[in-house]
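Notes for the one structure printed next.
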Amino acid sequence: MSHEAVPQPAIGRKSQGLSGTVAMPGDKSISHRAFMFGGLASGETRITGLLEGEDVLRTGEAMKVMGAYIEKHGDEWIIQGTGNGCLLEPVAALDFGNAGTGSRLTMGLVGTYDMETTFIGDPSLSSRPMARVLDPLREMGVQVLKASPGDRMPLTLRGPKHAAPISYRVPMASAQVKSAVLLAGLNTPGITTVIEPVMTRDHTEKMLQGFGADLEVETDKEGVRHIRIEGQGKLVGQVIAVPGDPSSAAFPLVAALIVPGSDITIENVLMNPTRTGLISTLLEMGASIELVNRRSAGGEDVADLRVRSSELKGMTVPAERAPSMIDEYPVLAVAAAFAQGETRMPGLEELRVKESDRLAAVAEGLKSNGVDCDEGEASLAVRGRPGGKGLGGGTVKTHLDHRIAMSFLVMGLAAEKPVTVDDANMIATSFPEFMGLMAGLGAKIETAV
């Protein structure tokens, strides 16, 4: 997608009961890492189920520019990696589009190489803070030669001749920061340690171990995780089957809960406990979600979800649950708009620095569609209207944020009046199949003429 793409509004309209079975596109977090670690490992990596959204493909392009061979054969991606420590200096800027995960993790990966690397992105990504990743990299000897004010893109890194291992306590719950430091440690002599007081998604640790990295995780009696990686080891290519993305599954899941008469099955959803906060919350709100055919795939737990329309009740979501559902709060807020009573969501600081100020964007979208809500500095309270009476009729400013767009299109399926989003183009960054998949279940979502 061009950074200057013409906005394409879309409308969600009141729908009849949704039905059918759908398979989710591959998990975005695992897909990014599969391209990165496969591109870095020695030998061949084969990937099935990869999410072919724009964000992930940008990561693949970056790895190709730095020496990895990546090709698609049928449904399988085949990678010949460079070997750890052998990435090439890019001849041009790495353009990450809207990909926050891809850009931040790659900064860690290349930062400790003795080379210059420039990172650019679209207006949304260029507004996002990178200091949280750059600060620990500076401690390892990485120089930030150029950056926009506030350590934002475009920015250029210069790696040291010899990087220094560090012990770094992550100041916020962020899998991206943790991962960037661990990836920087791959090309650094000695042991790099990340101390994580609040556990976040652990795909980096699991996958690095799978590729052969010398990495260990120890949890102390206070529950603080100490993750140690020994640098300059060998990574070996792997066969990876990417499970379905729970963050993408959130949209048909909530749609089925709020549209009366719905009964759908969502297949092959990742059930890693660091990613299932939304399901736990909805179950506590009274959702009919049945986990069937539980199994293991590629070292991760997966299951199929049978979801039926439900009468939801408001609740207070525990703040400590936020890291396991940080991307799902926009669609949870939509579910809350149809629940009985008030739903309170504290601990949302991290939503201020996503693809948009996601907390403000959600509150603004809810209010424009008749929802009674209060936005706090790091919280949101939503008072629902069961049945959606009086809801809808507004146009939501998406602020180039794919999750805002999809969440409010879902809202339109159960609201009394249609809900319009000002741009649906960026949905392709994470879930290019969204429109077709939802239509196949019976959802009335259409692009505006």
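Going by UniProt numbering, the sequence shown opens with residue 1, and the numbers climb by one from there.
Beta carbons are placed, not taken as given, at the ideal position from N, Cα and C, and that holds for glycine.
Cutoff 6 Å; reference residue i; Cβ partners in own chain excluding five residues on either side
{"i": "L134", "result": "V144 and D151"}
{"i": "M325", "result": "G277 and L278"}
{"i": "R383", "result": "E342 and D372"}
{"i": "I11", "result": "P418, T420, E446 and A448"}
{"i": "R58", "result": "F96, G97, A99 and G102"}
{"i": "G347", "result": "A319 and A322"}
{"i": "L413", "result": "G12, S15, A255, V259 and A443"}
{"i": "E350", "result": "I326"}
{"i": "M411", "result": "V334 and V419"}
{"i": "M438", "result": "I445"}
{"i": "G60", "result": "F35 and I70"}
Helix, strand or coil at residue i [DSSP, three-state]
{"i": "H399", "result": "coil"}
{"i": "E350", "result": "helix"}
{"i": "F119", "result": "strand"}
{"i": "G20", "result": "strand"}
{"i": "K444", "result": "strand"}
{"i": "A230", "result": "Reading off the sequence, residue 230 comes out as Glu, not Ala. Three-state DSSP puts E230 in a strand."}
{"i": "T82", "result": "coil"}
{"i": "K28", "result": "helix"}
{"i": "S2", "result": "Because S2 carries a pLDDT of 43, less than 50, the predicted location of this residue cannot be relied on, and the following value inherits that uncertainty. Three-state DSSP puts S2 in coil, outside helix and strand."}
{"i": "V217", "result": "strand"}
{"i": "V239", "result": "strand"}
{"i": "F431", "result": "coil"}
{"i": "K64", "result": "helix"}
{"i": "G223", "result": "coil"}
{"i": "G74", "result": "coil"}
{"i": "E52", "result": "coil"}
{"i": "A41", "result": "coil"}
{"i": "G394", "result": "coil"}
Residue environment, residue i, which counts as buried when at least 16 other CB atoms sit within 10 Å
{"i": "P358", "result": "Strictly speaking, residue 358 in this sequence is Arg, with Pro absent from that position. R358 should be labelled buried."}
{"i": "D27", "result": "buried"}
{"i": "S248", "result": "buried"}
{"i": "Y69", "result": "exposed"}
{"i": "S430", "result": "buried"}
{"i": "H402", "result": "buried"}
{"i": "L109", "result": "buried"}
{"i": "D220", "result": "exposed"}
{"i": "S15", "result": "buried"}
{"i": "G390", "result": "exposed"}
{"i": "R295", "result": "exposed"}
{"i": "S148", "result": "exposed"}
{"i": "G392", "result": "buried"}
{"i": "Q232", "result": "exposed"}
{"i": "K354", "result": "buried"}
{"i": "L305", "result": "buried"}
{"i": "P330", "result": "buried"}
{"i": "L88", "result": "exposed"}
{"i": "residue 473", "result": "Outside the shown range of the chain, which is 1 to 449, sits residue 473, and nothing can be said about it."}
{"i": "P197", "result": "exposed"}
{"i": "V302", "result": "buried"}
{"i": "A5", "result": "exposed"}
{"i": "S2", "result": "Low confidence applies to S2: its pLDDT is 43, below 50, so where it sits in the model is not reliable enough to give any reading."}
{"i": "M435", "result": "buried"}
Contact test: residue i Cβ vs the ligand GTP heavy atom, cutoff 7 Å
{"i": "L351", "result": "Of ligands this structure carries none, so the ligand GTP is not represented either."}
Cutoff 7 Å; reference residue i; Cβ partners in own chain excluding five residues on either side
{"i": "G365", "result": "V396, I404 and F408"}
{"i": "A105", "result": "The sequence given here places Leu at residue 105; Ala does not occur at that position. Correct list, in chain order: H32, M36, Q176, S179, A180 and L183."}
{"i": "R18", "result": "Here the sequence assigns Leu to residue 18, which means Arg is not the residue at that position. Counting only Cβ-Cβ distances below 7 Å, and skipping sequence neighbours, we find A255, A256, V259, S262, I264, L441, G442 and A443."}
{"i": "V239", "result": "R46"}
{"i": "V194", "result": "Y168, V170, K178, V181, L182 and I227"}
Spatial neighbours of residue i in its chain, beta-carbon cut-off 8 Å, leaving aside the 5 residues before and after
{"i": "S127", "result": "R152"}
{"i": "V236", "result": "A41, S42, G43, F211 and G212"}
{"i": "P7", "result": "D422, D423 and N425"}
Stretch-stretch touch, CB-based, cutoff 8 Å, three pairs: the stretch 419-428 with the stretch 393-407: Taking 8 Å as the limit for Cβ pairs, the verdict is that the stretch 393-407 does touch the stretch 419-428.
Beta strand (DSSP E) segments (min. 3 residues) lying fully within the stretch 133-214: 143-148, 152-158, 167-169 and 191-196
Stretch-stretch touch, CB-based, cutoff 8 Å, three pairs: the stretch 167-179 with the stretch 201-208: yes
Three-pair Cβ contact test at 8 Å for the stretch 48-68 versus the stretch 212-231: no
The stretch 329-341 contacting the stretch 371-384, beta-carbon criterion three pairs below 8 Å: Counting Cβ pairs under 8 Å, three or more are found: they touch.
Ordered list of beta strand (DSSP E) runs contained in the stretch 257-315, each at least 3 residues: Taking 3 residues as the minimum length, the beta strand (DSSP E) runs contained wholly in the stretch 257-315 are 263-270, 288-297 and 300-308, in order along the chain.
Contained beta strand (DSSP E) runs [length at least 3] in the stretch 313-392, N- to C-terminal order: 342-345, 372-375 and 380-383
Every unbroken alpha helix (DSSP H) within the stretch 402-429, with a cutoff of 4 residues, ordered by chain: 402-412
Every unbroken beta strand (DSSP E) inside the stretch 86-130 [3 residues or more]: You should have 116-120.
Contact the stretch 252-272 vs the stretch 313-320: 3+ CB pairs below 8 Å: no
Three-pair Cβ contact test at 8 Å for the stretch 207-222 versus the stretch 258-268: no
Given 8 Å, three or more beta-carbon pairs between the stretch 74-86 and the stretch 115-123: no
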